[in-house]
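Quick notes on the structure that follows.
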Amino acid sequence: MPFPNRTSLPRPVHGIYVRNVLQSCGGHFAAAWAEAEPLPDGHPDGFEFVNAVPPVGPRGERLPEELAAAFAQGLRLAWHAGDGARPGIVALVRLVDARWHREDSTPRAFRMTGELAALEISRCVSEDRDPRPVLRSSRQPYLPWERSMLGVLSD
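Residues 897 to 1051, numbered by our numbering, are exactly what the sequence shown covers, in order.
Structure follows, in structure tokens:
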């Protein structure tokens, strides 16, 4: 086994959605869609991240690279903390879409979103289930794109 104390992702997990919104001074907004797959052999650290967010977002802007990097850092922190509290996961994770706000999206918000995505991927595998939306937020009502995704008819 090339990575002691780490577990290989046994199956792909697609359709992970995490919304991380806190309403406060300075803002804290991140929404991300991701998928995870078992990592092929030959990766030195047992983790690969791919930023596959379309090059032009919904407002004609690119996802800032520091936000994508923070999402990857959150995944790595959740799975490879090194403190023995959580088993390491060997996986390839692809960030497939994201929503962000110029003033209210920070690396901290995306790092926390990455951690929440890693925990949901781990739960899907350990509980042998499909992903459920992770909605860390004090915000109600639902965001516009969440209504159809969650089957919400009204707020």
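The C-beta atom is built at its ideal place from N, Cα and C for all residues, glycine as well. All of these numbers come straight from a predicted model, not from anything done at the bench.
Helix, strand or coil at residue i [DSSP, three-state]
| i | result |
| --- | --- |
| Glu1057 | Given a span of 897 to 1051 for the chain in the structure shown, any question on residue 1057 remains unanswerable. |
| Gly970 | helix |
| Thr903 | strand |
| Trp975 | helix |
| Ala965 | helix |
| Gly942 | coil |
| Gly980 | The predicted model places Gly980 with a pLDDT of 48, which falls under 50 and marks its position as unreliable; any figure quoted below should be read in that light. DSSP places Gly980 in coil when its eight states are reduced to three. |
Beta carbon of residue i nearer than 9 Å to that of residue j
| i | j | result |
| --- | --- | --- |
| Leu1015 | Ala966 | no |
| Arg972 | Phe945 | yes |
| Ala928 | Leu988 | no |
| Ala916 | His910 | It should be pointed out that residue 916 corresponds to Asn in this sequence rather than to Ala. Against a cut-off of 9 Å, the Cβ pair of His910 and Asn916 comes out as no contact. |
Cβ neighbour criterion (16 or more within 10 Å) applied to residue i
| i | result |
| --- | --- |
| Pro1052 | The first residue shown for the chain is 897 and the last is 1051, placing residue 1052 beyond what the model contains. |
| Arg1025 | exposed |
| Val952 | exposed |
| Arg1007 | buried |
| Ala948 | exposed |
Extent of the continuous beta strand (DSSP E) to which residue i belongs
| i | result |
| --- | --- |
| Pro1027 | No beta strand (DSSP E) holds Pro1027; DSSP gives it neither H nor E. |
| Glu933 | 925-934 |
| Val992 | 984-995 |
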